[in-house]
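Asker: Below you will find the structure I want to go over with you.
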């Protein structure tokens with residue numbers, strides 16, 4: 001599979017938040033794909049990221065001829081989450097909420113005319129939004145990553 005760029009952890013100097021920045025290569029074909037992704041992300045601004053289980057997009061900027069997309073920083077991919085459990089799979093109590101949240105995200109994407117074309121564990125991000133460290137951690141929140149490219 002072709003690599004389109006890298007995703008890196010960065011600090012947003014405007015608000016001092018840690019974010020994920022997707023830096024696309026400065027190849028004309030990849031730039032065209034990045035522009036299409038920006039168009040799609042603009043459509044998603046109509047949706048509430050938390051209610052709809054989608055990644056929050058903070059905008060984009062240019063670095064020379066590279067388009068950089070600024071997203072909220074999420075914990076890890078579903079693939080990594082499963083791998084952290086020695087690839088033993090997930091218990092049903094975790095699978096159900098992940099599937100429910102994934103179905104919710106796909107429903108909301110469809111509501112604005114978007115179909116996710118590359119749904120796989122590496123493109124689904126899980127987020128543990130537990131407010132209490134003492135309580136048992138709730139199942140992670142799942143968020144499909146919108147870029148359908150390998151990084």
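In the UniProt record's numbering, the protein residues as written are 1 to 151.
Beta carbons: idealized from backbone N, C-alpha and C, even for Gly.
(1) Per DSSP, which one or two residues make a beta bridge with residue 12?
(2) What residue does the alpha helix (DSSP H) around residue 40 start on, and which one ends it?
(3) Around the Cβ of residue 130, are there at least 16 other Cβ atoms within 10 angstroms (buried) or fewer (exposed)?
(4) Put residue 50 into one of helix, strand or coil per three-state DSSP.
(5) Tell me which same chain residues have a C-beta within less than 8 Å of the C-beta of residue 5, skipping the five on either side of it?
(6) In or out: residue 112 buried (at least 16 other Cβ within 10 Å) or exposed?
Answerer: To lay it out plainly:
(1) BP columns for residue 12 point to 17.
(2) Boundaries of the alpha helix (DSSP H) around residue 40: 28-44.
(3) Caution is warranted here: a pLDDT of 48 is assigned to residue 130, below 50, making its placement in the model unreliable, and no coordinate value can be reported.
(4) Of the three classes helix, strand and coil, the one that applies to residue 50 here is helix, per DSSP.
(5) If you ignore the 5 residues before and after residue 5, its C-beta comes within less than 8 Å of the C-beta of 22, 23, 24, 25, 30, 66, 149, 151, all in its own chain and listed in chain order.
(6) So residue 112 ends up on the exposed side.
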